[in-house]
Amino acid sequence: RAMKYGFFVHYVWGGSAYQATINPDGSVPVGLDELANRFDAARLAEDLASMRVEYVIFTAWHANMNCLWPSANMNQWLPGHASKRDVVGEMIKAVKAKGIRVILYTHPRDGHDLTAEEQAATGWGPVFDHAKWNNFINDIYGDLVSRYGQDILGIYIDEGRRNADYVDYERLRKTIKAGNPKLMTLQNFFGNAYGCDLAHVEFHPPKDFNVWKASSLPAGVLIGGNWWAAVPKEKSALRFSAETMVRYTVLKAGISSSAGGVAWAAGNYSGGGWEKDVLETMQSVARYLAPIARTITNTHASTAYTTPGESTFASLQWGVATKSTDDRLEYIHVLKPPSGRVLSLAPPADRKLFSSARLVANGQPVRLSQDGSGVTLTLTGTNAWDKLDTAIELEVSGAMPFSASTFSDDFSRENRCWQTAGGNWAFELGEHCQSNTAGFGNTAGLLMDKWSDATYEFDFKIVDAGNSAANWAGCNLRKTIPADHFSVSGYMIYFRANGQACLHQEPADLVRVNSGLAFTNWTHVKITTSGPGIKVYLTNSAIPLIEFNRATNTVAGYFSLTTGGTHSHFDNVTITPLNTNLPKRKF
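60 is the number of the first residue of the sequence shown in the numbering used here; add one for each residue after it.
And the structure:
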């Protein structure tokens, strides 16, 4: 969970299947043993250390089921498919000596690369022998983990389908855990993590960095010609600049629920070395990160300032946040600095109190101010925002007292209390607006407090219903996290452009009625919640349009505005708890 910066290395003999790892001059090794004998473990370890990565994913076997250790089990099933040299063991020893953790890449359903004779020997083929194939792969995995299971962090399992049609994953998990119960299993995600501890995605970014999505899953991102060395040394295969990679590394580190962050990927040549510019670029990334490394490596994503999965650089307001594993330090990463010297943040979602702030790169103090409306950070002296990432350390001194307060906001000024997720939210002419008609479940979550039994009121109008009269705008109540999608937590009260009013809790609407209203004009909404009861009133009517008395979630939660496929405007939000003898907050 705490590792955020790694490297993914394939070193592969493709056998009869296809050409894989090449020599630096573009020629191909003559066989598995030549590839193995040319492997330079010490050089690889030195290179990875110069990149300053926390972990490496390295090939145990891939194409054509050729494994890089002298496996007697493999030679019993497929003679000649195991190297005589123990590449895996030497790699682990060399890399661990540099303080880098090892995950071994494997592929349990690569039988399509075998010859017809080899498929018959292992159970693959037109008539698939499920028991035989699984006996085969469990023998190989059993050998792997019995040899190396105590010396590695985990096993990476590749896939290719979203259904477990070839592999008995429950059995495979038991085989792996028998070698070491603490081994992490990491599944290449094709829609299912099967029996693995974590899923992992292979991310192929578009050219425009602004729209690179940062998944909540750990990601491998290819920076070379292919996942293994495939381009001769004289030709550059580098896909991205060091600056782009630094920014994405920081973005991934701050994504909620993300473990493993990003593993940049390129292949090692037969005999050692990398495609042109790969090593030099990774070393540049390491130099950029060095002054602020402790705010990225061995950290957790922030719970004070959360960034949801699938966020992009373009969707960020100012950046992301991480925190130390003991939760005593909060790290603010300013990827999109303000025009002046002052950064204004919303109140921490986990109600942290901060006692001091300083720049991580040089230790210089940052002026800190915190009250109920949020946190203000001001650069001092000659300090300026870094062009890539300004990391600010906040020392945690305690927590703000919790009390559900009365809240109101007429949007007469921009308010830091709203955390957006998805869509294009903006404060315009005293209104809070969301103009993207492409997304569903775009939210602006209120960070101030949690409410359970309360009266919620707001005005809204649908400016553009997009491509369907079934598109909507509304709000969410009793959410676990302010930025949660409606499918994750809480209740959603929403209003379709066709006049329908709906109360929703995943997986379906609880109530759906016709209002007879055109929501293209300003409409006043009033919602009351009391225990299992939820009532919805429109246009100041004394009679509820929706009355529901079987709500199962009655715990306090967050409030958010939300849209689905519409350009909508909101105004005059007020929330009044049933216990009105509480502090009032007006914005």
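Heads up, the beta-carbon is just placed ideally off N, CA and C, and yes, glycines get one too.
Cut-off 7 Å between Cβ atoms - residues of its own chain near residue i, not counting five sequence neighbours on either side
| i | result |
| --- | --- |
| Arg400 | Thr437, Leu438 |
| Asn608 | Pro591, Gly592 |
| Val71 | Ala79, Thr80, Thr118, His121, Ala122, Trp287 |
| Arg102 | Gly331 |
| Pro396 | Trp444, Thr449 |
| Asn442 | Leu418, Gln423 |
Reduced DSSP secondary structure (H/G/I, E/B, other) of residue i
| i | result |
| --- | --- |
| His171 | helix |
| Ile151 | helix |
| Asp84 | coil |
| Met110 | helix |
| Arg230 | helix |
| Ser343 | helix |
| Asp647 | The requested residue 647 is not part of the displayed model; the chain covers only 60 to 646. |
| Met133 | helix |
| Lys241 | coil |
| Pro185 | coil |
| Gly504 | strand |
| Ala252 | coil |
| Glu293 | coil |
| Ala301 | helix |
| Met551 | strand |
| Lys538 | strand |
| Val89 | coil |
| Asp409 | coil |
| Pro636 | strand |
| Arg306 | helix |
| Asn123 | helix |
| Lys520 | strand |
| Ser494 | coil |
| Arg644 | With a pLDDT of only 49 at Arg644, under 50, the local geometry of the prediction cannot be trusted, and the value read off the model is given with reservation. Three-state DSSP puts Arg644 in a strand. |
| Phe629 | strand |
| Val401 | strand |
| Asp568 | strand |
| Asp448 | coil |
| Gly650 | Outside the shown range of the chain, which is 60 to 646, sits residue 650, and nothing can be said about it. |
| Ile211 | coil |
| Gly533 | strand |
Close beta carbons around residue i, own chain, < 6 Å, minus the five adjacent residues each side
| i | result |
| --- | --- |
| Thr514 | Thr587, Thr635 |
| Phe98 | Val146 |
| Asn612 | Arg537 |
| Asn495 | Gly482, Asn483 |
| Lys382 | His359, Ser361, Glu389 |
Identity of the residues DSSP links to residue i by a beta bridge
| i | result |
| --- | --- |
| His359 | Lys382 |
| Val180 | Note that residue 180 is Ala in the sequence shown, not Val. None; Ala180 has no bridge partner. |
| Asn327 | Trp333 |
| Asp649 | Past the edges of the chain, shown from 60 to 646, lies residue 649, and the structure says nothing about it. |
| Pro424 | Arg417 |
| Leu438 | Val425 |
| Val595 | Ile586, Ile605 |
| Ile116 | Phe67, Ile162 |
| Glu261 | Gly279 |
| Lys157 | According to DSSP, Lys157 bridges with nothing at all. |
| Thr676 | Here the chain covers residues 60 to 646 and nothing more, so residue 676 does not appear. |
| Ala458 | Lys411 |
| Ile235 | Ile235 pairs with nothing; no bridge assigned. |
| Tyr617 | Lys538 |
| His140 | DSSP, once it has assigned bridges, lists no residue as partnering His140. |
| Ile247 | The amino acid at residue 247 is misidentified as Ile; the sequence shows Asn. Partner(s): His259. |
Whole-Å CB distance - residue i paired with residue j, under 8 Å assumed
| i | j | result |
| --- | --- | --- |
| Val344 | Met304 | 5 Å |
| Tyr380 | Ala420 | The amino acid occupying residue 380 in the given sequence is Ala; Tyr does not appear at that position. That belief does not hold up - the Cβ atoms of Ala380 and Ala420 are roughly 16 Å apart, past 8 Å. |
| Asn132 | Gly73 | Contact flag wrong, Cβ pair sits at about 21 Å. |
| Leu620 | Cys534 | 6 Å |
| Gly482 | Gly504 | The pair is not a contact, with the Cβ atoms about 12 Å apart (cut-off 8 Å). |
| Thr579 | Ile521 | 6 Å |
| Asp518 | Phe629 | 7 Å |
8 Å Cβ cutoff, residue i in contact with chain D
| i | result |
| --- | --- |
| Gly184 | Absence of chain D from the displayed structure is noted, only one protein chain being present. |
Own chain, CB closer than 8 Å to residue i, minus 5 neighbours either side, in chain order
| i | result |
| --- | --- |
| Pro265 | Trp271 |
| Leu17 | The first residue shown for the chain is 60 and the last is 646, placing residue 17 beyond what the model contains. |
Any non-hydrogen atom of the ligand FMN within 7 Å of residue i CB
| i | result |
| --- | --- |
| Leu91 | Absent from the structure shown: the ligand FMN. Ligands present: none. |
Does the count of Cβ pairs from the segment 267-278 and the segment 407-414 closer than 8 Å reach three?
Taking 8 Å as the limit for Cβ pairs, the verdict is that the segment 407-414 does not touch the segment 267-278.
Contact between the segment 496-512 and the segment 568-586 is defined here as three or more beta-carbon pairs at a separation below 8 Å; is this criterion met?
no
Is it true that the segment 600-607 meets the segment 521-539, where meeting means three or more beta-carbon pairs spaced less than 8 Å apart?
no
Between the segment 152-165 and the segment 197-216, do three or more beta carbon pairs fall short of 8 Å?
Contact between the segment 152-165 and the segment 197-216 is present, because at least three Cβ pairs lie under 8 Å.
Would you be able to state if there are at least three C-beta pairs under 8 Å between the segment 391-400 and the segment 369-378?
yes
Touch test, the segment 355-375 against the segment 321-330, Cβ-Cβ under 8 Å, three pairs minimum
No, because fewer than three Cβ pairs between the segment 355-375 and the segment 321-330 fall closer than 8 Å, the two stretches do not touch.
Would you call the segment 229-246 and the segment 197-208 touching, i.e. three or more CB-CB distances under 8 Å?
yes
For the structure I just gave you, are there three or more beta carbon pairs, one from the segment 172-189 and one from the segment 85-97, closer than 8 Å?
no
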